[in-house]
Amino acid sequence: MSSDRRTAVVAGVLFLVTEVAAIGGLALYQPVLDGAAGTLAPGAGTSAFLGALCELVLVAAVIGTGVALFPVIKRRHEGMALGYVCFRLLEAVVIAVGILGVLTLVTLRQDPAGAAGAAGTAGADRALVALHDWTFLLGPNFALGLNTALLAYLMYRSRLVPRFIAVLGLVGGPLICASAVAVLFGLYEQVSVAGSAAAVPVFAWEVALAVRLIAKGFDKGFDPARADG
Numbered sequence: 001m002s003s004d005r006r007t008a009v010v011a012g013v014l015f016l017v018t019e020v021a022a023i024g025g026l027a028l029y030q031p032v033l034d035g036a037a038g039t040l041a042p043g044a045g046t047s048a049f050l051g052a053l054c055e056l057v058l059v060a061a062v063i064g065t066g067v068a069l070f071p072v073i074k075r076r077h078e079g080m081a082l083g084y085v086c087f088r089l090l091e092a093v094v095i096a097v098g099i100l101g102v103l104t105l106v107t108l109r110q111d112p113a114g115a116a117g118a119a120g121t122a123g124a125d126r127a128l129v130a131l132h133d134w135t136f137l138l139g140p141n142f143a144l145g146l147n148t149a150l151l152a153y154l155m156y157r158s159r160l161v162p163r164f165i166a167v168l169g170l171v172g173g174p175l176i177c178a179s180a181v182a183v184l185f186g187l188y189e190q191v192s193v194a195g196s197a198a199a200v201p202v203f204a205w206e207v208a209l210a211v212r213l214i215a216k217g218f219d220k221g222f223d224p225a226r227a228d229g
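Shown next as structure tokens:
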């Protein structure tokens, strides 16, 4: 197996890991994020810890995709390839901040304070939930949209993968950024039918790209010295 083929398989697997870990983390966080301020429902703490573990895997996989693809995509445009890695790292950092927010929230709610104590920590409780919500908007939406559009453009111009796959990313990246702006201005909730619909093209892009990379690798006709639009 050639070096580029191994790179394609590793990157493809990591993209699939990001999808599974992101969905798992979001689902496991809900008992804590949706719970009443100052209280921790039975099992919610364990669920949150498992969610944090999923998101730690997500952080590693997000960084891993950038590192794995960089040696290949830099042959086409090193500056844009470096930009992709930086945006991928930014996404990972924002997600990590959200993890810390949720874990701190669990610690706060585990403190066996009385009614007065619970009332006194309600503000901090709401602030930590808000912190997670903002990191969820800025990381897996804004930053994801930017790095998706950048990678898809590189893939489209270089023809590393079939262009219909790259088009999914060229559509999905700007769309999820636009959706994040809509959420920012209160047009709808991020976890909603509209928000989920806006994320579908990015999900389709990452899954299609992952399957392609694992099954066939990069297009054999790819020539970084001559590739062009």
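Sequential numbering from 1 applies to the sequence shown in our numbering. All C-beta atoms in this analysis are idealised placements derived from N, C-alpha and C, irrespective of residue type, glycine included. The structure presented is a predicted model; accordingly, all values stated were derived computationally and were not measured.
For residue i, the first and last residue of its enclosing alpha helix (DSSP H)
i	result
residue 181	163-184
residue 132	122-137
residue 4	3-33
residue 157	144-158
residue 189	Element bounds for residue 189: n/a, residue is neither H nor E.
residue 46	44-73
residue 82	78-110
residue 203	193-215
Buried or exposed (CB count within 10 angstroms, at least 16 for buried), residue i
i	result
residue 187	exposed
residue 161	buried
residue 190	buried
residue 88	buried
residue 36	exposed
residue 78	exposed
residue 39	exposed
residue 201	buried
residue 46	exposed
Cα-Cα separation between residue i and residue j, rounded to whole angstroms
i	j	result
residue 116	residue 126	Low per-residue confidence applies at residue 116: pLDDT is 44, beneath 50, and the placement is therefore not dependable, though the value from the model is reported in the following sentence. Residue 116 and residue 126: Cα-Cα distance of roughly 16 Å.
residue 193	residue 2	43 Å
residue 67	residue 158	18 Å
residue 43	residue 24	16 Å
residue 139	residue 61	14 Å
residue 217	residue 7	8 Å
residue 122	residue 48	19 Å
residue 34	residue 110	16 Å
residue 30	residue 4	40 Å
residue 183	residue 148	19 Å
residue 163	residue 212	12 Å
residue 76	residue 63	20 Å
residue 9	residue 65	11 Å
residue 133	residue 141	11 Å
residue 85	residue 128	28 Å
residue 17	residue 56	11 Å
residue 156	residue 185	32 Å
residue 204	residue 197	11 Å
residue 80	residue 71	12 Å
residue 178	residue 41	35 Å
Contact check, residue i vs residue j, beta carbons under 8 Å
i	j	result
residue 73	residue 154	yes
residue 108	residue 124	yes
residue 173	residue 195	no
residue 143	residue 90	yes
residue 51	residue 28	yes
residue 105	residue 32	yes
Rounded distance between the beta-carbons of residue j and residue i, thought under 8 Å
i	j	result
residue 69	residue 11	5 Å
residue 135	residue 98	3 Å
residue 199	residue 176	6 Å
residue 207	residue 19	6 Å
residue 58	residue 95	6 Å
residue 92	residue 54	Incorrect: roughly 14 Å between the Cβ atoms, too far for contact.
residue 253	residue 180	Here the chain covers residues 1 to 229 and nothing more, so residue 253 does not appear.
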